[in-house]
Every structure is written in C-alpha cells, then in structure tokens.
Amino acid sequence: MPTVASSALRVPQSRIRELADIAMKMDDVLKLYFGESNIQTPEYIKRAAAKALGEGYTFYTENAGLPGLRQDLADYYRRVQDVDLDPRSEIVVTASGVQALNVTIRCVLNPGDEALVLTPAWPNSAANVWMDNAVPKEIPLLLRGDRYAVDFDSLQAAVTPRTRLLVYTSPSNPLGWVATEDEQEELLEFTRRYNLWLLADEVYERLYYRGVEPGIPTPSILRKANRDDAVIVAQSFSKTYCMTGWRIGWLVARRDVGQKATQLNEFIISHPASFVQRAAQTALALGEEELRKMLARLKENRDFCLAALRRMPRVTVPSPDGAFYLFPKIEGVTDSFAFCRKLLEETHVGLAPGVAFGAGGEGSVRICYAAEQGILEQAMERLARFLSQRVV
Ligand SMILES: Cc1ncc(COP(=O)(O)O)c(C=O)c1O
C-alpha cells in the first residue's frame, strides 16, 4: 500500500494547535493561545476589500502580486525603514507570513541540508525545513539577566558542511526579544563568514515598545544588509493590521530568490486573493493612526500582565520589548503541555505550552496579551488561583 512520504511524516504536529483543538471543543475559553487579538480587522480595511470586489478585483493577478502593492511596499520601506528596494525584483507578495517562510525556505534548501533556528521560536519555520527534507538545528537564546541574547558560540559549534541557512525571529514569538543592532550585525557577519542564507522573520516589526515614540519600528535587518547579501525577510499584514484571517504577507529577498519564489508560487498559490491585495494597499496607506492606538493598548496589556505574573508564586518573566507575548517560566513545570491542558480543563484559560517552541521552551507557557483587558484580567486571576492552589 502506498504510504505518506517520510518528509511529511517527519513534520511534527504543532503543539499549539493540539492544545487549541482541545480548547475549541469547550465553551467559554479565554483564548490566549493563538497569536491574535479578539479585535476584528479595522472597518476601513474591510470597506477597501468590499470596494475592490465591487470594482472587479476578482481575476488572477501577477504571481509576485499587484505591481501597485509591490510599489506601495517599496515606498513603505523607504518611509519606515529608510531602505531602498526594487519592487519588481526584490519584493514578492505572499498569501501570509507563513507562506513567505514556506516558499523562501524551499528556494534555499536542498534535501539533507541543515538550518540553524534560534529558539524558543514559533514552530512553523522548523516545520518548513522538515518539509523540504532538510534538518533544523535549534539553538536556544540565552537568558542573561532580564534579556535574551544570541549564543554565538553555540551557533558556531553547530555549523557543519551541510549548513545552509540561519533563521531568527525579531521581535520574537514567543519571547518578545528584539535583536539589538549589534546582534543583527553579528548575525549578518556570521552568515557571510559561513556562506549561509539569513532569514529574518520580521512579522512583528511594528509591535515595538522601546521606540522613541509609538509606531517606530524595530530596525529591519535590511538596513544592515546590502542588496547582494543572502538575506531574506518574511513579513505579514496579520499582526500590524489585525488581518490574521485574510492570509496576506510578503517577502523581501535577493533578486535570485525573489525571482524563484515568484515562479514557484505559480505552482503553490499562484498569488494571494486579488481583492485582499487591494485591501492590503489601503492598510499600508491608512494604517498608521490605528496602529498607534493598538500599540498603546498592547503596551498597557503587557504591563498589566507582567505586573500580575510577577505577583504569582514560582513565576519568573523577563520584560519583552516587542510582539505581543509573555513567556513566563513556572518553577516545577516539567511538562508544559500537561500543565496547559490542566489549566484549560480546570479554569478555561487557554495558553500555549512552552514545549511547542523548541529548545529552551519547556517549563514555560506563552501568553498572548493582544486580547481585550477584561479577558486578560479574568485570565490572570484564574492563573494566579490555579498556581496558588497547587504545587506543579
Ligand atoms: C513569528 C511568526 N512568523 C510568522 C507568522 C505568520 O503569520 P501569518 O501567516 O498569519 O502571516 C506568525 C504568526 O503567528 C509568527 O508568529
């Protein structure tokens, strides 16, 4: 009997999804396990999609996405990051951030290659490496005081003749860690030295709380790289514009990968939905004010949850600079999936187990604080009660 391919069988199940599948069968769960808020996409974006449908954006577009959207993305980079890009060769519109990861990883790895992945990390980039018959090697970030840092010694020790790619996420899901400019430079130098591709997942670029004013982005690796560097950025409209369900993102890459990803997308998605691309143009054009409001709300939520967690027994939690997650470590927890399951069943609070995020994640849980404050208040109260009632 034919069997499922071994490359597919090697892809582990997402343990966030496994927990969510249990939660989705229950009523009244406070859902903090996914990376999204319970706030819908802003009306001006919904209206733009409806208008685009009315105007007939119902046909196929270019594989790389509408030229107008690619131009808008190039303008966005000039305005927000002070980076010049060629919209015709270096930007490809994708059907989400995860699809940008999928197609670019496919473009740079051969079967049997190895990819270094900085963890704890959202599991999808490592899963994409597995899907290409290649092998991810997880290199945990090190907690130094209240801040995570890249462990360059371990990175160096992990390089073999098969290593082709280094993947990192900044701001990080689940840590909220943001690579410093020195770390970015060192990562770039490292990949130049060992002849590797550097894939930066920057989908949380705009969710940054340390800028001189709200809305200032985390500096993109594109500021440091020259256009001939083997650098790829995966990006998304999901987080900045509350568009998780729309499935739209983009990638920036050296021209050869940009071209190949465009061609491969013909056979994968062809292109993202036409009217969604038009709505994305509107998000880029009009989104800044709404984004600043969201950032103020997220910062309040972060500070509220951080303070609540720091009052709980056996909990230690570094203060994150970006994204919308907290990743507290709970003393005594050795099986974070079992812990999250029990918490869910007994209190209806849904958190993501740290084990889902690879090396360095076990013993912690991820809390997404993008939900409304009323939900967070209840969740923190129930978690505090749960922890005070048991020795885990
Ligand atoms: C680090 C990271 N990268 C990429 C994505 C993908 O976002 P999307 O596929 O919704 O664009 C996510 C979503 O949670 C994420 O956390």
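Take the sequence shown: its letters are residues 12 to 403, numbered as in my numbering. Just so it is clear, CB atoms sit at the ideal spot from N, CA and C, and this is done for glycine as well. The structure displayed is predicted, hence computed values, not measured ones.
Let me confirm a value: G333 is counted as buried when at least 16 other C-beta atoms fall within 10 Å, else exposed. Which label applies?
The sequence position of residue 333 within the sequence shown is 322, counting from 1. With 16 or more Cβ atoms within 10 Å of its Cβ, G333 is classed as buried.
Straight-line CA distance for G371 to P329?
On the sequence shown, position 360 is the one that residue 371 refers to. On the sequence shown, position 318 is the one that residue 329 refers to. For G371 and P329, the distance between alpha carbons rounds to 14 Å.
S107: CB within 7 Å of a non-hydrogen atom of ligand 1:
For the purposes of this step, residue 107 is taken as residue 96 along the sequence shown, with counting starting at 1. Yes, ligand 1 has a heavy atom inside 7 Å of this Cβ.
Beta-carbon separation of G108 and V214 under 8 Å?
Your numbering for residue 108 matches position 97 in the sequence shown. Your numbering for residue 214 matches position 203 in the sequence shown. The answer is yes: Cβ separation under 8 Å.
Using the Cα positions of L80 and E101, report the straight-line distance between them to the nearest angstrom.
Here residue 80 corresponds to residue number 69 of the sequence shown, with the count starting at 1. Here residue 101 corresponds to residue number 90 of the sequence shown, with the count starting at 1. Between L80 and E101, the C-alpha separation is close to 13 Å.
Quick one: complete beta strand (DSSP E) runs, 3+ long, within the region 68–144?
102–105, 125–130
What's the gap between the Cα of L30 and the Cα of A367?
On the sequence shown, position 19 is the one that residue 30 refers to. On the sequence shown, position 356 is the one that residue 367 refers to. Roughly 10 Å separates the two Cα atoms.
I'd like to know if the region 224–232 and the region 299–313 are in contact, where contact means that at least 3 CB-CB pairs between them fall below 8 Å.
Judged by Cβ distances under 8 Å, the region 224–232 makes contact with the region 299–313, as three or more pairs qualify.
Here's the rule I'm using: 16 or more other beta-carbon atoms within 10 Å means buried, otherwise exposed. How should G13 be labelled?
Residue numbering aside, residue 13 sits at position 2 when the sequence shown is read from its first letter. In the sequence under discussion, the amino acid at residue 13 is Pro, which differs from the Gly named in the question. Classification of P13: exposed, given that the 10 Å Cβ count is below 16.
Can you find the residues in the same chain that come closer than 6 Å, C-beta to C-beta, to D124, ignoring five residues on each side of it along the sequence?
As a first step, residue 124 must be located in the sequence shown, where it is residue number 113. Excluding positions up to five away in sequence, the list reads A145, R173, R175.
Nearest-angstrom Cα distance between P98 and T327?
Residue numbering aside, residue 98 sits at position 87 when the sequence shown is read from its first letter. Residue numbering aside, residue 327 sits at position 316 when the sequence shown is read from its first letter. Spanning the two alpha carbons is a distance of roughly 44 Å.
DSSP state of K340, grouped into three classes?
Position 329 of the sequence shown, counted from the start, is the residue given in the question as residue 340. K340: strand per DSSP, three-state reduction.
What do you reckon, is the C-beta of D332 under 7 Å from a heavy atom of ligand 1?
Locating residue 332 in the sequence shown gives position 321, counting from the first residue. Not under cutoff, so the answer is no.
Looking at the structure shown, is T229 part of a helix, part of a strand, or coil, going by DSSP?
In the sequence shown, residue 229 corresponds to position 218, counting from 1. The DSSP-derived three-state label of T229 is coil.
W133 Cβ short of 7 Å to ligand 1 heavy atom set
Residue mapping note: residue 133 aligns to position 122 of the sequence shown, counting from 1. For ligand 1, at least one heavy atom lies less than 7 Å from the Cβ of W133.
Cβ pair T273, V140 closer than 8 Å:
Against the sequence shown, residue 273 aligns to sequence position 262. Against the sequence shown, residue 140 aligns to sequence position 129. No, they are not a contact pair.
Residues of its chain near T72, where Cβ-Cβ distance is below 6 Å and the 5 sequence neighbours each way are ignored
Translated into positions along the sequence shown, residue 72 becomes position 61. The answer, listed in chain order, is H282, S285.
Considering only C-alpha positions, which residue in the set M142, T69, R258 is nearest to V22?
What you label residue 22 is simply residue 11 of the sequence shown in a count that begins at 1. Of M142, T69, R258, the residue nearest in Cα terms is M142.
With DSSP as the reference, identify every bridge partner of Q246, one or two as the case may be.
The sequence position of residue 246 within the sequence shown is 235, counting from 1. DSSP output for Q246 lists W261 as bridge partner(s).
Residue interval of the alpha helix (DSSP H) (run including R158):
Position 147 of the sequence shown, counted from the start, is the residue given in the question as residue 158. That residue, R158, is in no alpha helix (DSSP H); its beta strand (DSSP E) goes 158–160.
C-beta atoms of A60 and A294 nearer than 8 Å:
Residue mapping note: residue 60 aligns to position 49 of the sequence shown, counting from 1. Residue mapping note: residue 294 aligns to position 283 of the sequence shown, counting from 1. The criterion of a C-beta distance shorter than 8 Å is not satisfied by A60 and A294.
Only counting runs of 4 or more residues, tell me where the alpha helix (DSSP H) segments fall wholly within the region 151–200, in order along the chain.
163–169
Backbone CA spacing between D69 and D32 [nearest angstrom]
Counting from 1 along the sequence shown, the entry for residue 69 is found at position 58. Counting from 1 along the sequence shown, the entry for residue 32 is found at position 21. Here residue 69 is Thr; the residue named in the question, Asp, does not match the sequence. Each residue's Cα considered, the two are about 33 Å apart.
Can we count V214 as close to ligand 1, meaning its CB is less than 7 Å from some heavy atom?
The residue labelled residue 214 in the question sits at position 203 within the sequence shown. Yes; taking the cut-off as 7 Å, the Cβ of V214 has a heavy atom of ligand 1 nearer than that.
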